[in-house]
Amino acid sequence: MTYLQMYNSHFTAIQNLEFCLRIVIAFFVGGIIGMERSQRFKEAGIRTHILVCCTTALIMLISKYGFADLTMGGAGDIIGVKGADSARVAAQAVSGISFLCAGVIFKVGGNIKGLTTAAGIWMTAGIGLAIGAGMYIPVLCTVLLFWIMQHLMYRFLLGSDVHGGNHLLFVVKSNCGFDEILHNQLKKWQAQVTQSRVTVKMDGTTEYDLIIRRVVDLEYSMIREFVLQQGDLVLSVSASSLYMENP
Numbered sequence: 001m002t003y004l005q006m007y008n009s010h011f012t013a014i015q016n017l018e019f020c021l022r023i024v025i026a027f028f029v030g031g032i033i034g035m036e037r038s039q040r041f042k043e044a045g046i047r048t049h050i051l052v053c054c055t056t057a058l059i060m061l062i063s064k065y066g067f068a069d070l071t072m073g074g075a076g077d078i079i080g081v082k083g084a085d086s087a088r089v090a091a092q093a094v095s096g097i098s099f100l101c102a103g104v105i106f107k108v109g110g111n112i113k114g115l116t117t118a119a120g121i122w123m124t125a126g127i128g129l130a131i132g133a134g135m136y137i138p139v140l141c142t143v144l145l146f147w148i149m150q151h152l153m154y155r156f157l158l159g160s161d162v163h164g165g166n167h168l169l170f171v172v173k174s175n176c177g178f179d180e181i182l183h184n185q186l187k188k189w190q191a192q193v194t195q196s197r198v199t200v201k202m203d204g205t206t207e208y209d210l211i212i213r214r215v216v217d218l219e220y221s222m223i224r225e226f227v228l229q230q231g232d233l234v235l236s237v238s239a240s241s242l243y244m245e246n247p
């Protein structure tokens, strides 16, 4: 008896369909949670939550059903499996890959980068475990959902992906009423402040460090026009885009 025949004898088409249904449910639940986080401009957004939820669902399926060939009989047909504890190695793989994922997460200023990449690596590990366990149909379902997510979310932006982002740093003269001026200007730009820091320095200047989100990134001409309107009030300004344009 081949391994594929053994797998098919353990899991019927209905059972495989149920496995896929569980992963699909995890896909949508992760997306719903990620949407709420994304709307609040949190670093872990829709894609990250979907990847994590689908991966954990897949790994749970592996934990429960991936060793059916050893627990449901027929293992004697495969050399070297008598008394084997296959779950032990799989569990270590889940823990070990987390250290690799942590290596691609880093902080840039007030932002955290690499969360989705780390979740993608974790999903790849889960898919590898499922392939090793011979659960090919759940693997195909997971890969298909991942492909759909990537293509749809680049075509139809959702949550925080709809908004651009800018990091603004103004250095102004202290006690000049710049707070109200900046507040009114942000209203005109229809920008939402997600992070802010105001530092009063000993040399008589005040530094406004802001991260803002709006439908599209601020153009440098808009920032330059605002600064010129303030005369000698603004001593220096720096601006950068937080996110690359979506392909």
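With the numbering used here as the guide, the letters of the sequence shown map in order to residues 1 to 247.
C-beta atoms are modelled at their ideal positions from N, C-alpha and C, and glycine is treated no differently.
On the criterion of 16 or more Cβ atoms from any shown chain inside 10 Å, does residue 134 qualify as buried, or is it exposed?
That one is buried.
Cutoff 7 Å; reference residue 48; Cβ partners in own chain excluding five residues on either side:
The residues are 34, 115, 116 and 119.
Any contact between the stretch 171-178 and the stretch 53-60? By contact I mean 3 or more CB pairs, one from each, below 8 Å.
Segment contact: the stretch 171-178 against the stretch 53-60, fewer than three CB-CB distances shorter than 8 Å; contact not assigned.
Expressed to the nearest angstrom, what Euclidean distance is found between the alpha-carbon atoms of residue 146 and residue 167?
Approximately 31 Å between the Cα atoms of the pair.
If we count the other Cβ atoms within 10 Å of its Cβ and call it buried at 16 or more, is residue 13 buried or exposed?
Around the beta carbon of residue 13, a 10 Å sphere encloses fewer than 16 other beta carbons of the protein chains shown; the residue is thus reported as exposed.
Between residue 212 and residue 165, which are expected to be in contact by the criterion C-beta below 8 Å, what is the C-beta distance as a whole number of angstroms?
Between residue 165 and residue 212 the Cβ distance is about 7 Å, and since that is below 8 Å, they are a contact.
Taking the continuous beta strand (DSSP E) assigned at residue 129, which residues delimit it?
Counting along the chain, residue 129 falls outside any beta strand (DSSP E), though it belongs to the alpha helix (DSSP H) covering 115-133.
From what residue to what residue does the alpha helix (DSSP H) around residue 225 run?
Counted as a single uninterrupted DSSP element, the alpha helix (DSSP H) harbouring residue 225 occupies residues 220-229.
Reduced DSSP secondary structure (H/G/I, E/B, other) of residue 170
Secondary structure at residue 170: strand, using DSSP grouped into helix, strand and coil.
Starting from residue 209, follow the beta strand (DSSP E) in both directions and report where the run begins and ends.
In the DSSP annotation of this structure, the continuous segment of the beta strand (DSSP E) that includes residue 209 starts and ends at 205-214.
Can you find the residues in the same chain that come closer than 6 Å, C-beta to C-beta, to residue 141, ignoring five residues on each side of it along the sequence?
Result list for residue 141: 20 and 23, in chain order.
Residue 184 versus residue 104 - alpha carbon distance
One C-alpha to the other measures close to 39 Å.
Assuming the contact rule is C-beta atoms closer than 8 Å, residue 214 and residue 190 should be a hit. Round their C-beta distance to whole Å, please.
Rounded to the nearest angstrom, the Cβ distance from residue 214 to residue 190 is 6 Å, consistent with a contact under 8 Å.
Would you call the CB atoms of residue 62 and residue 126 closer than 9 Å?
Closer than 9 Å, so yes.
Hey, out of 121, 113 and 106, whose CA is closest to residue 94's CA?
Ranking 121, 113 and 106 by Cα distance to residue 94 puts 121 first.
Taking a contact to mean a Cβ-Cβ separation below 9 Å, would you say residue 239 touches residue 208 in this structure?
Their beta carbons are not under 9 Å apart, which means residue 239 does not touch residue 208 by this criterion.
Which one of 200, 198, 218 and 205 has the shortest CA to CA distance from residue 186?
The option with the nearest alpha carbon to residue 186 is 218.
Counted within 10 angstroms of its Cβ, other Cβ atoms place residue 46 as buried (16 or more) or exposed:
With a 10 Å radius around the Cβ and a threshold of 16 neighbouring Cβ atoms, residue 46 comes out buried.
Would a C-beta distance cut-off of 9 Å place residue 53 and residue 26 closer than the cut-off?
Cβ atoms of residue 53 and residue 26: closer than 9 Å.
Cβ distance (whole Å) where residue 169 is taken to contact residue 237 below 8 Å
That pair is a contact at about 7 Å.
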